[in-house]
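A.B. asks: Have a look at this one before I ask anything.
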Amino acid sequence: MRVLLIEDHRPLVRALQQGLEEEGFAVDVAYDGEVGDYKARTADYDVIILDVMLPKGDGFSLLNKWRRDGLQTHVLLLTARSSLEDKVQGLDLGADDYLTKPFQLEELLARLRALIRRGHQAKDPVLRLYDLEIDTAARTVKRAGQPIHLTPREFALLRFLAYHRGQVVSRSQIWEHLYDENDETTSNVVDVYIRYLRNKIDKGFDPPLILTRWGEGYMLRGEE
Amino acid sequence: MKSIRLSLIVYLLLLLALALGAVSSFAYWTTAQTVEARRQTTHDWLLAQYAERDRRERFKLDSELLTQARALAGLAQTQTQWQKARFASLFSLGLLSAGLAPAGYVQVPLWLAEGARGALSYRLHRMLSTDVHLAEEELPHFADDPQTEYFQVNSEWGMLWKSPSLGDARLPLDARGFARLRLYDWRFDDVTVAGRPVRRIMLKVPLARFRVVWLPPPGGRPPMPSPPRPPGGSERYLEGGAPAIVIQCATDLAPLQAARDELLRKRDEELAQLEADARATLVALRDRLLLIGFACFAAAVGGGLLLVRVGLAPLRRLSDAVSQVSEKDFRLPFDGRSLPRELRPIVERLSQTLEQLRRAFAREKQAAADISHELRTPVAALLTTLEVALRKPRSAEEYREVLRDCQALGQQMSLLVERLLTLARLDAGVDTLRPQSVNVATLAAECAALVRPLAQARHLQLEVDCPKPIYLQTDPDKLREIITNLLHNAIEYNRPNGRVALVVAPQDRGVCLEVRDTGVGIAPEAQAHIFERFYRVDPSRENAGLHAGLGLAIVKGYVDLMGGRIAVESVEGEGSTFRVELPAA
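The following block contains the structure:
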């Protein structure tokens with residue numbers, strides 16, 4: 001899952017970026033409104049974490065412009081402004097969630113997961129597919145009741161495929177959602193991770209869930 | 001009185017009562033004067049009228065008496081009866097003669113008269129035998145009752161005639177009174193006859209009709225040899241010998257008195273009526289004035305209440321409007337132009353004050369948001385850093401890095417808290433100066449040295465211009481804070497490769513510090529606000545963390561505390577100059 005973090009306080013950005021990346025999020029960072037606006041419009045993010053008081057254009061007006069221009073990305077406002085008016089204003093401008101500083105990282109992560117679920121019209125945090133269970137909250141995976149250990153990136157890839165099950169997703173789509181702007185890998189790395197995942201999910205189980213569509217991409221097997 | 005309404009009403013009514021009282025009193029007084037003058041005039045006129053009527057009555061009476069007397073004068077005649085001497089009236093003569101003939105006191109004159117011959121005898125006879133006579137039936141009567149009219153005729157020879165109405169009484173007239181009257185003269189007086197007051201006229205006239213009667217001798221007595229002859233000629237021509245008479249007519253004053261009494265009674269009645277009329281007029285006037293006064297007063301109470309209500313209506317509207325002002329909406333919810341002219345300055349001033357309040361509130365709100373932002377963001381960063389670090393085991397180097405980050409965040413928060421506390425102390429007035437002798441040149445150099453690394457990091461040229469030592473009695477810590485803050489700003493807002501100059505110069509009884517930069521400058525509309533706390537020219541500028549718009553507010557607070565002045569001159573795009581003037585002590 002790829003997240004854009006627009007925040008001008010560098011120590012916070014550093015800590016947050018580390019925390020999110022360790023949770024398997026690909027994190028892009030913008031330190032002011034101008035850059036944030038540009039990035040939000042050019043890349044496909046699952047969630048934008050947006051501060052309100054920013055240099056070069058504050059968060060509220062950015063959000064307003066985005067919604068006016070039809071940008072559908074989920075936006076979570078993360079701000080020190082805790083007054084009711086600010087919350088109401090933020091949500092009314094089109095924010096999907098509002099979190100005030102200081103905050104618990106766990107809460108932020110849970111809200112991000114909730115936003116992602118909402119983006120895929122999923123209420124249940126546990127994704128079920130044949131005998132595969134993916135608990136997006138606990139970040140655990142079981143196949144036929146057997147727990148399977150996945151790295152954060154493998155988990156992110158599986159989750160992405162699971163949210164798009166029955167649909168073919170291209171390599172670059174996967175790559176875009178799993179890697180941030182600073183990763184100097186190419187989309188070939190996707191093939192590597194798909195192989196890792198196949199080894200953990202499909203090996204020894206039937207039917208195989210990860211399918212390859214040559215020339216198009218990959219797909220998680222849809223409904224029976 | 002606390003209530004405008006009440007005091008207006010009370011003063012209005014007091015004023016009205018005073019005015020009404022004065023007008024009524026004046027009207028009453030004027031009318032009373034007129035009524036009194038009219039009453040006095042009428043009174044005098046009545047008195048004069050009645051006096052005139054009285055006088056006319058008397059005059060009429062006197063005229064009647066005079067007419068009667070004159071008539072009587074024409075009617076009176078004497079009749080001389082020889083040998084019939086009158087005795088009574090000659091009584092004094094008889095007394096005189098008593099000495100000569102003790103038994104014949106009357107006889108002596110008679111004897112003398114009879115015995116004498118010639119003119120004397122004649123005269124004596126005439127005097128003794130002549131009686132005055134009046135034809136009573138010819139008397140003119142004016143009164144209804146003849147018994148109230150009295151007539152009396154006296155002659156100088158002692159003859160007397162009186163009307164029967166006099167009875168035994170007589171109208172008094174002595175010889176002196178007789179003699180005092182001149183012939184054809186008359187005199188009125190009031191006398192008493194038989195205990196009754198009468199009005200009398202005395203008219204002295206000569207007797208015109210004179211008759212001589214020869215009586216036959218009474219029986220048995222030898223007749224007189226002959227009557228004395230008038231000396232020298234006929235009886236008819238014997239004149240000069242006729243006596244003067246005094247006619248007295250008198251009339252009872254009782255009827256006149258009764259009439260006068262009646263007249264007086266009527267006069268007094270009319271006078272009393274006049275007094276009563278005057279009094280009634282005044283009472284009616286007083287009642288009417290009182291009624292008008294009360295009516296006016298009542299009308300004024302009602303009208304006054306209405307007037308005050310109407311007059312105070314704009315105030316009430318203003319009050320309603322003011323009561324609708326809240327911390328959420330500072331605008332007066334109506335247009336001040338609809339108010340009367342007198343209230344407009346209040347509304348304008350109020351609107352200005354409310355606008356200032358609104359701005360202050362907004363600023364405070366902004367300040368609270370700023371403080372929360374400035375504090376919460378580093379706290380969030382601190383907590384997140386720690387939380388991330390603790391999520392899984394890290395290497396020693398990673399932990400050290402986390403600790404360094406946390407230290408930096410703690411220092412940033414500490415600085416911010418220090419600044420907030422400084423401002424709070426300035427607000428509370430507990431920050432006091434600790435003056436001592438300070439060499440401003442040295443201090444400026446120290447401050448410049450402190451910020452020089454920062455300036456060098458941004459490739460700025462930092463110059464200090466302070467040619468000679470300047471000593472000042474001031475608080476060195478605060479002065480250092482002022483200079484450092486201004487230098488920090490000058491560096492922070494400068495353009496790359498720019499200049500910062502600190503100029504210290506003595507001036508009249510004090511020192512003048514100038515910090516010049518070649519930075520972005522400050523817009524004219526922002527210059528008025530830069531010393532307000534949390535004011536930032538660009539609210540979303542970068543690097544806000546360190547100062548948060550508090551630096552200049554602290555500088556201004558310190559300069560004020562030291563009794564100095566601070567001003568800024570700036571041209572956008574060229575740079576700014578902050579000028580601080582401090583007094584010597």
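From first to last, the protein sequence lines stand for chains A and B.
For what it's worth, this note's numbering labels the leading residue of the first sequence as 1, then goes sequentially.
For what it's worth, this note's numbering labels the leading residue of the second sequence as 1, then goes sequentially.
Quick reminder that beta carbons are idealized off the backbone N, C-alpha and C, glycines included.
1) Across which residues does DSSP place B:Ile-247 in a beta bridge pair?
2) Report the residue from B:Ile-4, B:Thr-148, B:Leu-20 whose alpha carbon sits nearest the alpha carbon of B:Pro-164.
3) Span of the beta strand (DSSP E) holding A:Gln-72?
4) Measure how close the beta-carbons of A:Ala-144 and A:Asp-131 come, nearest whole angstrom, since I'm counting them as under 8 Å.
5) With 16 other CB atoms within 10 Å as the buried threshold, where does B:Ser-576 fall?
6) If you reduce the DSSP assignment to three classes, tell me which class B:Cys-466 lands in.
7) Which stretch, first to last residue, makes up the beta strand (DSSP E) that contains B:Ser-570?
8) With a cut-off of 7 Å, does the C-beta of A:His-149 fall near any C-beta of chain B?
9) Whole angstroms is fine: what's the gap from B:Glu-446's alpha carbon to B:Asp-477's?
10) Could you check whether the Cβ of B:Ala-380 sits closer than 7 Å to any Cβ belonging to chain A?
11) Who does A:Ala-26 pair with in a DSSP beta bridge?
12) Where do the N-terminal and C-terminal ends of the alpha helix (DSSP H) with B:Ser-587 fall, by residue?
13) Along the region 395–414 of chain B, what residues have a CB closer than 8 Å to any CB found in chain A?
14) Please name the residue in B:Arg-359, B:Phe-334, B:Leu-318 whose C-alpha comes closest to that of B:Lys-328.
15) Taking only beta-carbon positions, decide if A:Gln-18 is within less than 7 Å of chain B.
16) So what's A:Pro-208 in DSSP terms, helix, strand or just coil?
17) Say whether chain A places a C-beta atom closer than 7 Å to the C-beta of B:Val-388.
18) Could you compute how far the alpha carbon of B:His-43 sits from the alpha carbon of B:Leu-274?
19) State buried or exposed for B:Phe-310, treating a residue as buried only when at least 16 other CB atoms are found within 10 Å of its CB.
20) When you compare the CB of A:Asp-139 with every CB in chain B, is at least one pair closer than 7 Å?
21) Below 8 Å CB to CB, which residues in the same chain sit around B:Glu-569 once its five sequence neighbours on both sides are set aside?
22) Return the residues of the region 90–114 of chain A that lie within a Cβ-Cβ distance of less than 9 Å from chain B, sorted by chain order.
23) Can you list, in chain order, the residues of its chain whose CB lies under 6 Å from that of A:Thr-73, leaving out five sequence neighbours each side?
24) Given that a residue counts as buried once 16 or more other Cβ atoms are within 10 Å of its Cβ, and exposed if not, what is B:Leu-390?
25) Please check if any C-beta of chain B sits within less than 7 Å of the C-beta of A:Pro-11.
26) Step through the CB atoms of chain A and report whether any lies within less than 7 Å of the CB of B:Ala-449.
27) Note down the Cα distance separating A:Leu-91 from A:Asp-97, rounded to an integer number of angstroms.
28) Identify the continuous beta strand (DSSP E) that holds B:Trp-186 and give its terminal residues.
29) List, in chain order, every chain B residue whose beta-carbon is nearer than 7 Å to that of A:Ala-15.
30) Along chain A, which residues have their Cβ under 7 Å away from the Cβ of B:Thr-577?
31) Alpha helix (DSSP H) containing B:His-133: first to last residue?
32) Check whether the region 199–219 of chain A touches the region 20–31 of chain B, taking contact to mean three or more Cβ pairs, one atom from each stretch, closer than 8 Å.
33) Look at the alpha carbon of B:Leu-18 and the alpha carbon of B:Thr-281, and state the distance between them as a whole number of angstroms.
34) Residues of chain B with CB closer than 7 Å to the CB of A:Glu-154, please, in chain order.
35) Taking B:Arg-376 as the query, report the chain A residues whose CB atoms sit under 7 Å from its CB, ordered along the chain.
36) Report yes or no: is there a C-beta of chain B within less than 7 Å of the C-beta of A:Met-1?
C.D. replies: So, from the listed chains and residues:
1) Start at 1 with the first residue of the second sequence, and residue 247 of chain B comes out as number 247. B:Val-153, B:Leu-203, per the DSSP bridge assignment.
2) The residue given as residue 164 of chain B occupies position 164 in the second sequence. It is B:Thr-148 whose Cα lies nearest to the Cα of B:Pro-164.
3) Within the first sequence, numbered from 1, the residue matching residue 72 of chain A stands at position 72. Looking at the DSSP string, A:Gln-72 is not in any beta strand (DSSP E), and its letter there is neither H nor E.
4) Your numbering for residue 144 of chain A matches position 144 in the first sequence. Your numbering for residue 131 of chain A matches position 131 in the first sequence. That belief holds up - the Cβ atoms of A:Ala-144 and A:Asp-131 are roughly 4 Å apart, short of 8 Å.
5) Position 576 of the second sequence, counted from the start, is the residue given in the question as residue 576 of chain B. So B:Ser-576 counts as buried.
6) Numbered from its first residue, the second sequence carries residue 466 of chain B at position 466. Note: B:Cys-466 maps to coil in three-state DSSP.
7) Working through the second sequence from its first residue, we reach residue 570 of chain B at position 570. Where B:Ser-570 is concerned, the enclosing beta strand (DSSP E) stretches over 565–571.
8) Position 149 of the first sequence, counting from 1, holds the residue named residue 149 of chain A. Not one chain B Cβ lies under 7 Å of A:His-149.
9) Reading the second sequence from its first residue, position 446 is the one you call residue 446 of chain B. Reading the second sequence from its first residue, position 477 is the one you call residue 477 of chain B. Rounded to whole angstroms, B:Glu-446 to B:Asp-477 spans 12 Å at the Cα level.
10) As a position in the second sequence, residue 380 of chain B is number 380, starting the count at 1. Cβ-Cβ to chain A under 7 Å: yes for B:Ala-380.
11) In the first sequence, counting from the first residue as 1, residue 26 of chain A sits at position 26. DSSP lists A:Arg-2 as partners of A:Ala-26.
12) Given that chain B is displayed from residue 1 to residue 585, the structure contains no residue 587 of chain B and the question cannot be resolved.
13) Asp-405, Ala-408, Leu-409
14) Taking the first residue of the second sequence as 1, we reach residue 328 of chain B at position 328. Selected option, being the one with the closest Cα: B:Arg-359.
15) Mapped onto the first sequence, residue 18 of chain A falls at position 18. Yes, contact with chain B.
16) Taking the first sequence and counting its residues from 1, one reaches residue 208 of chain A at position 208. Coil at A:Pro-208, not helix or strand.
17) Position 388 of the second sequence, counting from 1, holds the residue named residue 388 of chain B. Yes, B:Val-388 counts as interfacial toward chain A.
18) By one-based count along the second sequence, residue 43 of chain B stands at place 43. By one-based count along the second sequence, residue 274 of chain B stands at place 274. Rounded to the nearest angstrom, the two C-alpha atoms are 8 Å apart.
19) Sequence index remark: in the second sequence, residue 310 of chain B carries index 310 (1-based). A small fix is needed here, since residue 310 of chain B is Val in this sequence, not Phe. That one is exposed.
20) Counting from one through the first sequence, the residue named residue 139 of chain A turns up at place 139. Note on residue identity: the sequence assigns Arg, not Asp, to residue 139 of chain A. Closer than 7 Å: no.
21) Position 569 of the second sequence, counted from the first residue, corresponds to residue 569 of chain B. Closer than 8 Å at Cβ, skipping near neighbours: Ser-576, Thr-577, Arg-579.
22) Thr-100, Lys-101, Pro-102, Phe-103, Gln-104, Leu-105, Glu-106, Leu-108
23) By one-based count along the first sequence, residue 73 of chain A stands at place 73. So the qualifying residues of the chain are Tyr-45, Ile-48.
24) Looking up residue 390 of chain B in the second sequence gives position 390. Counting Cβ neighbours within 10 Å, B:Leu-390 comes out exposed, since fewer than 16 surround it.
25) Start at 1 with the first residue of the first sequence, and residue 11 of chain A comes out as number 11. True, the Cβ-Cβ gap to chain B drops below 7 Å.
26) Residue 449 of chain B sits at position 449 when you count from the first residue of the second sequence. Taking Cβ atoms only, chain A never reaches closer than 7 Å to B:Ala-449, which makes this a no.
27) As a first step, residue 91 of chain A must be located in the first sequence, where it is residue number 91. As a first step, residue 97 of chain A must be located in the first sequence, where it is residue number 97. Taking the straight line from one Cα to the other gives about 7 Å.
28) Position 186 of the second sequence, counting from 1, holds the residue named residue 186 of chain B. Start and end: 186–193.
29) Start at 1 with the first residue of the first sequence, and residue 15 of chain A comes out as number 15. Chain B residues near A:Ala-15: Ala-381, Thr-384, Thr-385, Val-388.
30) Within the second sequence, the letter at position 577 stands for residue 577 of chain B. Result: empty, since nearest Cβ-Cβ is about 26 Å, beyond 7 Å.
31) Counting from 1 along the second sequence, the entry for residue 133 of chain B is found at position 133. Counting along the chain, B:His-133 falls outside any alpha helix (DSSP H), though it belongs to the beta strand (DSSP E) covering 130–133.
32) no
33) Start at 1 with the first residue of the second sequence, and residue 18 of chain B comes out as number 18. Start at 1 with the first residue of the second sequence, and residue 281 of chain B comes out as number 281. Whole-angstrom Cα-Cα distance: 24 Å.
34) Counting from one through the first sequence, the residue named residue 154 of chain A turns up at place 154. Those do not exist, as A:Glu-154 stays about 17 Å from chain B at its closest Cβ, beyond 7 Å.
35) Residue 376 of chain B sits at position 376 when you count from the first residue of the second sequence. Chain A residues near B:Arg-376: Ala-80, Lys-101, Pro-102.
36) Taking the first sequence and counting its residues from 1, the one referred to as residue 1 of chain A is at position 1. No, A:Met-1 lies away from the interface with chain B (no Cβ there is under 7 Å from its Cβ).
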